[in-house]
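Just so you know, our numbering puts 81 at position 17 of the sequence shown, and the rest follows in order with no gaps.
As structure tokens, the structure follows; a few thoughts come after it.
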Amino acid sequence: MTKTVLKLGGSLMQSKELIFFLKNIFSQTNNSTCIVVPGGGKFAENIRKMQKEFKFSDEVAHKMALLSMKQYAFFLKGLHNNIKIIKDVKKIEENNNSYLWSPDYLLENDELIPQNWYFTSDSIALWLAIHIEADKLIMIKSKKIIFDQSNINDHINKKDFDKGFNELLVRYKGDLIFLEKTEYSDLVKII
């Protein structure tokens, strides 16, 4: 049985393609057990703005950003009834179902990843893929990314993903796949 972690970017929040991704993930049987990691989207962007204004610590901002991922998870559930939100990956049944993971575990175990903006939902998805030994990590982004590990700093400078992604990538043994928002029909073949 294969396991797939799928990062659904918060930048897709206002995209018409989002509903097609949700349908392809949660309305059919897949070839693997799929754990979807929600981004933070506009919820996380508001936290960045608030931190600049109110000058609270990165630790506080990190916890708020995790909660923004949880908000996005409930937003997604509001768009698609078949979504089952889980908090504990140990409770996932390897039965080719899809689950939406809420990062509550990281709120309670804050020593697992650094608490700063270098480790956003992209790095959290990669951390989860490492943690559960996922066979695949699929990153769904609003733009096309042609990944080249030798130029990882270029990707970070272009904000394709955060700085923490680079630190964790060396520990990941599975396949890394990037899809852009218009490639929702390709997802069915991959998961």
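Glycine included, every Cβ here is placed at the ideal spot set by N, Cα and C.
Relative to the Cα of I194, the nearest Cα in the group T246, N88 and L240 belongs to L240.
Collapsing the DSSP output to three states places D239 in a strand. Scanning its chain for C-beta atoms nearer than 6 Å, with the 5 sequence neighbours on each side dropped, one finds around I99 the residues V69, Y163 and W165, in chain order. For the pair D168 and K148, the CB atoms are not nearer than the 7 Å cut-off. Per DSSP, reduced to three states, the secondary structure at V69 is strand. For Y163, the uninterrupted beta strand (DSSP E) run begins and ends at S162 to W165, by DSSP.
In this structure, L143 sits away from L72, with a CB-CB distance that is not shorter than 7 Å. Classified as exposed, L176 has fewer than 16 neighbouring CB atoms from the shown chains inside 10 Å of its CB. Pairing E244 with K205 gives a Cβ-Cβ distance under 7 Å. Of the residues L251, P178 and M203, the one whose Cα lies closest to the Cα of V101 is M203. By the neighbour-count definition (other C-beta atoms within 10 Å, threshold 16), K134 is a buried residue. Beta-bridge partners of K205 (DSSP): E244.
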